[in-house]
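K.L.:
Residues in the sequence shown are numbered from 438 upward in steps of one, following the working numbering.
Even glycine gets a Cβ: it sits at the ideal position worked out from N, Cα and C.
Keep in mind the model is a prediction, meaning the values are calculated, not measured.
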Amino acid sequence: RNIPGIRKVWTSGGELDPVPDSILKEIHDNDLKRFVLAGYEPGLHKSAFSAALNKAGLDPSDVTLASFSEYGVKGIEEAKAVLYCEIHGIPYPEARKNGSSKVLPETMVIGGGIAGIQAALEIADSGNKVFLVEKSGTIGGHMAMFDKTFPTLDCAACILTPKMVEIGQHPNIELLTLAEVTEVTGSAGNYEVNIHQKPRYIDVTVCIGCGVCSEKCPQSSYSEFDAGTAMRKAIYIPFPQAVPNKYLIDAENCRYINEEKCGVCQKVCMVDCIDFKDSDKDIKVKAGNIIVATGFKTFDAGRIDEYGYGRFPNVLTSIEFERLVNAAGPTGGNIRFRTEDKKGNWVFQPEGEEPESIALIHCIGSRDRNYNEYCSRVCCMYSLKLAHLIKEKLPDAEVYEYYIDMRAFGKGYEEFYNRIRDEGVNIIRGRTAKVNQLNGQLELRTEDILNNRLLEQKVDMVVLAVGLEPRDDAGDLADMLNIRREKSGWFQEACNGSDHCGSTDEGIHLAGVCQGPKDIPDSVTQGSAAAARVLQSILKGKVDTGITGLHDIELRAKELSTIRED
């Protein structure tokens, strides 16, 4: 209200009714010629203000937007600065510019899934150094767990593993597995990053991967890579194509590390590569840019008690079923019932019995006000893919898909949907209320909306199409990097309409599902786009540095102002 030239201020929901006639009255009463609409969604009523200006015989384009979301506004002072700049007719970033700083050519990529791999390779292939930080013992991410990709049904490993091998052998990439970023200081162009790396207990320069240690190890636990559908030893390689393709020891389950006196692996190792004295390492690196490609976690289906996940052995999540149908999975790709072994573990046995009917239930944890309201985008298509694999492996099986709305939005997706429907899959629109186990079978209480009826469907196996969620550590990483997250927890892009790779920090870029649910092609594309942004800044050699104080921005806005104060 104290800015020269401002004659009237309204707040949302206040005394002004945002319709053209009410606005027209204010134009005549206060001799108004221009409007600035400010907020996180300022364009909501722009058309009403433009129409009012037009009725008054003024220029309808004299309605401009001060969008707080576009610039990642975090506080009142910054909001005032954005508004002040818009009033003066200059872009907020222009007012913030106050010189530049040198950009270091090294880049850090956080996350070794397909998006991080793509970004790292493109930057490294240009001749620049990349630090690739991965939390687990291997790169590959969720894509490494899949058998086929949709809609082409290409082999997922055939696409991914050559890129993984290239990462492991690339002279410009330093791969840090079992590692997490713990602190980031500095600014765009010159970050200092602290990394904490857990011990592998294996000298990877000596290990030949013979596997004798794992054969002799007496300790087993559920395999993370197999989503708990199989067991692995305490000393293991995550999966046959892992990079690095070396063993590691699970400290939580190793008897020797927990002072239970085993140490068999060390005794049988022919090359003496096992080092129980291996310890945590703290590493410091400098980087000019950071790409965040940390991926996602799948929704915990056990949160919805009505579906019986965790209580009924043959109610599976989609990621578990992915491993079951995978040729490298626990049954060699054969679909079998889950049973209890002698130790009380639920496992799939290659010699087990085949189910004769399987139901896939969509939108588990997504499009649900009780959990996540957003659509996870991939569940419809991967469920159709799984239905195809069931019919391929069990041609006589009855397959049911229960969906809310079919989201087949990508290239070739609608055609894929029609193909699966023609293969004899029963595709039924309706929500499933409950799953019960009765006399060895599973009974679904569900609905068929298109035929206006309720159903009680008995099947042998149920697959829950779980949605995607931000990782549990996403909040800590956002605080560390000083970037924003949106309400649902995904990292906030710089601008929803025009910049999905940028963040609220000029030197930090986003790639893959950590920015929001997307499929593999979109993740790869975003990884490439993030790499292009990094290479642009490296080629330029400098990054603009900015002023942030409200007073300084006001002075600069006045200096650059294109609006007359009359």
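1. When burial is assigned at 16 or more other CB atoms within 10 Å of the CB, is Q973 buried or exposed?
2. Tell me the DSSP secondary structure of D1003 in three-state form.
3. Quick check on DSSP: helix, strand or coil for W447?
4. Taking DSSP's pairing of strands, which residues face L761 in a bridge?
5. Measuring straight from C-alpha to C-alpha, what distance separates G578 and G646?
6. Can you list, in chain order, the residues of its chain with a C-beta nearer than 8 Å to that of P497? Leave out the 5 residues immediately preceding and following it.
7. Our contact map puts P767 next to A667 with C-beta atoms below 8 Å; I'd like the distance itself, whole angstroms only.
8. Looking at the unbroken alpha helix (DSSP H) that takes in V701, where does it start and where does it end?
9. Between the Cα of P677 and those of D663, E689, A688, spot the shortest distance and give me the residue it belongs to.
10. Report the rounded CA-to-CA distance for D1003 versus L469, giving the unit in angstroms.
11. Helix, strand or coil for T941 per DSSP?
12. Using 8 Å as the threshold, is the segment 912-927 in touch with the segment 520-528, meaning 3 or more CB pairs across them?
13. Taking the beta carbon of V643 as the centre, do at least 16 other beta carbons fall within 10 Å, making it buried, or is it exposed?
14. Can you name, in chain order, every residue of its own chain whose Cβ lies under 7 Å from the Cβ of Y508, other than the five neighbours on each side?
15. Hey, quick one: how far does the beta strand (DSSP E) through T754 stretch, first residue to last?
16. Kindly indicate the opening and closing residues of the alpha helix (DSSP H) around M818.
17. Under 8 Å by Cβ, that's how I've got I632 and V567 pegged, so tell me the actual separation to the nearest angstrom.
18. So, does the segment 840-851 touch the segment 810-820, judging by three or more C-beta pairs under 8 Å?
19. Distance check for I945 and T619, CA to CA, integer angstroms please.
20. Decide if M580 is buried, meaning its Cβ has at least 16 other Cβ atoms within 10 Å, or exposed.
21. On the DSSP bridge assignment, give the partners of G476 in chain order.
22. If you compare alpha carbons, which of A738, V602, A902, R921 is closest to Y839?
23. Hey, I674 and Y659 are a contact pair by Cβ (cut 8 Å); roughly how many whole angstroms apart?
24. Flag this pair as touching only if the segment 850-864 and the segment 807-815 have three or more C-beta atom pairs under 8 Å; answer yes or no.
25. For the candidate residues L914, L905, S935, D499, whose alpha-carbon lies nearest to that of F733?
26. Could you tell me which uninterrupted beta strand (DSSP E) segments, each at least 3 residues in length, are contained entirely in the segment 845-875, listed from first to last along the chain?
27. Which value, in whole angstroms, describes the spacing of the CA atoms of A679 and A593?
28. Leaving aside the five residues before and after E696 along the sequence, list all residues of the same chain whose C-beta is less than 6 Å from its C-beta, in chain order.
29. Is there contact between the segment 889-901 and the segment 710-727, where contact requires at least three CB pairs shorter than 8 Å?
P.N.:
Let me lay it out:
1. As a working mapping, residue 973 is identified with position 536 in the sequence shown. Exposed, because fewer than 16 other Cβ atoms sit within 10 Å of the Cβ of Q973.
2. Looking up residue 1003 in the sequence shown gives position 566. Any reading at D1003 must be qualified, since the residue scores a pLDDT of 49, below 50, and its modelled position is unreliable; the value itself is stated next. Coil.
3. Residue 447 sits at position 10 when you count from the first residue of the sequence shown. Residue state, collapsed to three classes: coil.
4. Reading the sequence shown from its first residue, position 324 is the one you call residue 761. Bridge partners of L761: none, in fact.
5. By one-based count along the sequence shown, residue 578 stands at place 141. By one-based count along the sequence shown, residue 646 stands at place 209. Cα to Cα, G578 sits roughly 21 Å from G646.
6. Counted from its first residue, the sequence shown places residue 497 at position 60. Same-chain partners within the cutoff: S487, A488, L490, N491.
7. Position 330 of the sequence shown holds residue 767. Position 230 of the sequence shown holds residue 667. Indeed, because the Cβ distance is near 4 Å, the residues count as touching under 8 Å.
8. As a first step, residue 701 is located in the sequence shown; it is residue number 264 there, counting from the start. Segment 701-705, the alpha helix (DSSP H) holding V701.
9. As a first step, residue 677 must be located in the sequence shown, where it is residue number 240. With distances taken between Cα atoms, P677 lies closest to D663.
10. What you label residue 1003 is simply residue 566 of the sequence shown in a count that begins at 1. What you label residue 469 is simply residue 32 of the sequence shown in a count that begins at 1. Low per-residue confidence applies at D1003: pLDDT is 49, beneath 50, and the placement is therefore not dependable, though the value from the model is reported in the following sentence. One C-alpha to the other measures close to 11 Å.
11. Position 504 of the sequence shown, counted from the first residue, corresponds to residue 941. Residue state, collapsed to three classes: coil.
12. no
13. Numbered from its first residue, the sequence shown carries residue 643 at position 206. Exposed is the call here.
14. For this step, residue 508 is matched to residue 71 along the sequence shown. Excluding residues within five positions, the ones whose Cβ falls inside 7 Å are V519, Y529.
15. The sequence position of residue 754 within the sequence shown is 317, counting from 1. For T754, the enclosing beta strand (DSSP E) starts and ends at 752-754.
16. What you label residue 818 is simply residue 381 of the sequence shown in a count that begins at 1. First-last of the alpha helix (DSSP H) with M818: 816-830.
17. As a first step, residue 632 must be located in the sequence shown, where it is residue number 195. As a first step, residue 567 must be located in the sequence shown, where it is residue number 130. Between V567 and I632 the Cβ distance is about 14 Å, and since that is not below 8 Å, they are no contact.
18. yes
19. Start at 1 with the first residue of the sequence shown, and residue 619 comes out as number 182. Start at 1 with the first residue of the sequence shown, and residue 945 comes out as number 508. T619 and I945: Cα-Cα distance of roughly 16 Å.
20. As a working note, residue 580 is residue 143 in the sequence shown. Buried is the call here.
21. Residue numbering aside, residue 476 sits at position 39 when the sequence shown is read from its first letter. G476 pairs with S504.
22. Residue numbering aside, residue 839 sits at position 402 when the sequence shown is read from its first letter. Of the candidates A738, V602, A902, R921, the one whose C-alpha sits nearest the C-alpha of Y839 is A902.
23. Translated into the one-based positions of the sequence shown, residue 674 becomes position 237. Translated into the one-based positions of the sequence shown, residue 659 becomes position 222. The pair is not a contact, with the Cβ atoms about 16 Å apart (cut-off 8 Å).
24. no
25. Stepping through the sequence shown from its first residue, residue 733 is reached at position 296. For F733, the nearest C-alpha among the options comes from L905.
26. 863-866, 869-875
27. Within the sequence shown, the letter at position 242 stands for residue 679. Within the sequence shown, the letter at position 156 stands for residue 593. If you take the alpha carbons of A679 and A593, they lie about 14 Å apart.
28. Here residue 696 corresponds to residue number 259 of the sequence shown, with the count starting at 1. Excluding positions up to five away in sequence, the list is empty.
29. no
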